[in-house]
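Before any comments, here is the structure.
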Amino acid sequence: MSTSDDAYVTDLALRAGRGDKHALTEFIRLTQNDVWRLLAHLAGPQHADDLTQETYLRVLGSLPRFQARSTARTWILSLARRAWVDSVRHDMARPRKSATEYEDVAAANPSPDNPNTWGDVIDARSLLDELPPERREALVLTQVMGYTYEEAARIAGVRVGTIRSRVARARRDLVAGAEGTL
């Protein structure tokens, strides 16, 4: 993500907020992958499509009030995060796959090129899923999606130091989990 890309996306959001349908289409096209990726990491790929749709419903209602106090990417990812938080609040009993279910899928679909590939992916995903949500969010925003600590703090609505400590703790938890000491 370059600053010029962010400026262009922000300009599109401002124009879309004033009713420019072409700008809205382009804004959605340029932000949809980031929104989906964040939500896939936070809620799981099986819920990312629905939460992405919910995010864009919120965007449509909020675009006329968008004032570019932050970049449009930061703004839309904070809306995506809020959509995820709201879904967790409203659906606390949402069943999640257990490690056993992941192993069953891996056993049924081994890779012919590398039999450890599925297991490695599932192990990594399981470790990520076991992180507390705020640590997982900070790690995904900074280490997977490439946002700076400052941008991640704006998206999460916390201070930069909080993001830094959450990332450090998430890394520590992942290492401990990989070593089997979690």
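Under UniProt numbering, the final residue of the sequence shown carries the number 182; numbering is consecutive throughout.
Positions of the beta carbon are idealized from the N, C-alpha and C atoms, including for glycine.
From what residue to what residue does the alpha helix (DSSP H) around residue i run?
i      : result
PHE27  : 21 to 43
ALA168 : 160 to 178
PRO133 : 133 to 139
ARG154 : 149 to 156
My assumption, with CB atoms under 8 Å, is that residue i sits in contact with residue j. Please give the rounded CB distance.
i      : j      : result
GLU130 : ALA156 : About 19 Å separates the two Cβ atoms, so there is no contact after all.
THR52  : LEU79  : Not confirmed; about 11 Å, so no contact.
LEU39  : TRP84  : 6 Å
ALA72  : THR10  : 4 Å
ARG154 : THR74  : 5 Å
VAL158 : LEU139 : Between LEU139 and VAL158 the Cβ distance is about 14 Å, and since that is not below 8 Å, they are no contact.
Rounded to whole angstroms, what's the CA-CA distance from residue i to residue j? Just pull it up for me.
i      : j      : result
ALA68  : PRO133 : 28 Å
ASP34  : LEU174 : 23 Å
VAL161 : GLN143 : Per the sequence presented here, residue 161 reads as Gly, with Val not at that position. Cα to Cα, the separation comes out at about 16 Å.
GLU150 : LEU141 : 11 Å
ARG37  : ARG29  : 14 Å
ALA86  : ALA43  : As written in the sequence, residue 86 is Asp, which differs from the Ala given in the question. So the two alpha carbons sit approximately 11 Å from each other.
ALA7   : ALA16  : 14 Å
SER165 : ARG172 : 10 Å
ARG89  : THR148 : 27 Å
SER4   : GLY146 : 16 Å
PRO64  : GLY180 : 50 Å
ILE163 : PHE27  : 27 Å
ARG135 : HIS41  : 12 Å
HIS22  : GLN46  : 30 Å
ALA176 : ASP50  : 33 Å
Thinking just about the alpha-carbon of each residue, which of the options is nearest to the one in residue i?
i      : options                          : result
LEU24  : SER70, ALA43, ILE76 and ASP50    : ILE76
ALA152 : LEU128, GLY180, SER70 and LEU127 : SER70
LEU57  : GLN46, ARG82, THR74 and HIS41    : ARG82
LEU60  : ALA176, ASP20 and ARG135         : ASP20
LEU128 : PRO64, THR148, GLN46 and ALA170  : ALA170
SER126 : THR148, ALA178, ASP50 and ARG159 : ALA178
SER62  : ARG89, ASP50, LEU139 and ARG18   : ARG18
LEU12  : PHE66, HIS41 and ILE163          : PHE66
If you measure from the beta carbon of residue i to each beta carbon in chain B, is any gap under 7 Å?
i     : result
GLN53 : Of the protein chains in this structure there is only one, and it is not chain B.
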